[in-house]
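Asks: Dropping the structure in here first, questions after.
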Amino acid sequence: MLTRLEQAQQQWGGSSNLIDNWLTERQDVLVNYCRLAGLPPFDKTDRALPKSSDIQAFCQVLVDYISAGHFEVFDQIVNKCKENGPQSLALAQRIYPLISRSTDMALTFNDKYADLNEDTELEGFDASLSALGQFLEERFDLEDQLIEALYKTSA
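Residue 27 is where the sequence shown starts when you use my numbering, and the numbers rise one by one after that.
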């Protein structure tokens, strides 16, 4: 996922402050996700579950990213796709509902884990985090397709 993010930043970086900020927020989500999951470069050696404060920080970054997409970025992309022509708009209209699935998953994860304390049992956390990671990977791919539609013009 990080490699694809770097590719997206190289391809579309600098073309729009809105997209640049959104991709930076995506990077924050990915870094925090890797930290929680114990993925490189944050390999865990003790196999312990993360601290509740780390989970809460991740949930905040995740909700900020999801919110930015829905309340700032998507509307502007769809409006620009309208200007680019019917094919671009059709792609945006097809992709947007698919992205909503990952939004629901992210919000469910947040609702379950955002208000933890140190004594909370984290039964099923690893499975929830893994499922969220799969949804995020799908979401990032769909978002990249939306961004690409933004920069394509009809012939």
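Even glycine gets a Cβ: it sits at the ideal position worked out from N, Cα and C.
As a quick exercise: from S42, D46 and A83, pick the residue whose alpha carbon is nearest that of Y59.
Replies: A83
Asks: What distance in whole Å lies between the Cβ atoms of L172 and I9, which are believed to be in contact at a cut-off of 8 Å?
Replies: Here the chain comprises residues numbered 27 to 181, so residue 9 is not present and cannot be evaluated.
Asks: Report buried or exposed for G111, applying the criterion of at least 16 other Cβ atoms within 10 angstroms of its Cβ.
Replies: exposed
Asks: Please give the ranges of any alpha helix (DSSP H) in the stretch 58-126, keeping only runs that are unbroken, at least 4 residues long and fully inside the region.
Replies: 78-94 and 100-110
Asks: What residue ranges within the stretch 131-178 form continuous alpha helix (DSSP H) runs of no fewer than 4 residues, ordered along the chain?
Replies: 151-177
Asks: Can you tell me the Cα-Cα spacing of D137 and S79, whole angstroms?
Replies: 15 Å
Asks: For G150, does the count of other Cβ atoms within 10 angstroms reach 16, so buried, or fall short, so exposed?
Replies: exposed
Asks: Is DSSP giving S128 helix, strand or coil here?
Replies: helix
Asks: Roughly how many angstroms separate the alpha carbons of M131 and Q113, rounded to a whole number?
Replies: 29 Å
Asks: Do you know whose CA, among T146, D145 and S128, lies nearest E163's CA?
Replies: S128
Asks: Cα separation between G159 and S42?
Replies: Their backbone Cα atoms lie some 27 Å apart in a straight line.
Asks: Quick check: the Cα distance between K106 and P123, rounded to an integer number of angstroms?
Replies: 18 Å
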